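Novice:
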Amino acid sequence: MEKHILVLDDDLFTRKLIGMMLERAGYRVTAVATAKEALDALTTSRVDAITCDLMMPDVDGISFLMQLKSDPAYAHIPVVVITAAGLSGAIEKARSIGAAAIVEKPFLDAPLRAALEKALAP
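Quick note: the sequence shown, position 70, residue 68 per this note's numbering, numbers continuous.
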């Protein structure tokens, strides 16, 4: 069975790019623009992993990650954080909350897939 990845990024181009990369790698993808849409998606379908941008206008990635990891229903879902280079404080915070991996923008297909495969490993 193919793994289902939830892609959370407010930027349409980035969301589509990540979605295409992951679909080409054999994943099933649901792409959303806001933390609210991500939480709604989690209530309606099973997700194996999440990619999440840190810099978003409604709810930032750190707040989303904290909310996700504090909910026993979703705390087990691995999250790969995708963020702009140079945000070392935010990156360390994401790691301390429980991000499975960090991928810095600009990113290539292979590092993103490798981070997801690592996050999904048993």
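Cβ coordinates follow ideal geometry from the N, Cα and C atoms, glycine included. Please read these numbers as outputs of a predicted model, since none were measured by experiment.
On the three-state DSSP scale, how would you describe L66?
Specialist: Mapped onto the sequence shown, residue 66 falls at position 68. The answer is helix: DSSP assigns L66 an H, G or I state.
Novice: Is the Cβ-Cβ distance between L146 and A39 less than 8 Å?
Specialist: For the chain, the structure presents residues -1 to 120; residue 146 sits outside this window and is missing.
Novice: With A47 as the anchor, note down where its beta strand (DSSP E) starts and where it stops.
Specialist: Along the sequence shown, read from residue 1 onward, the residue named residue 47 stands at position 49. Taken as a continuous stretch (DSSP letters only), the beta strand (DSSP E) holding A47 covers A47 to D51.
Novice: Below 8 Å CB to CB, which residues in the same chain sit around L110 once its five sequence neighbours on both sides are set aside?
Specialist: As a working note, residue 110 is residue 112 in the sequence shown. Excluding sequence neighbours, L110 sits near I16, M19, L20, T49, V78, I80 and V101.
Novice: Count the other CB atoms, across all protein chains shown, that sit within 10 Å of the CB of G87; report buried if there are 16 or more and exposed otherwise.
Specialist: Here residue 87 corresponds to residue number 89 of the sequence shown, with the count starting at 1. When all chains shown are included, G87 counts as exposed.
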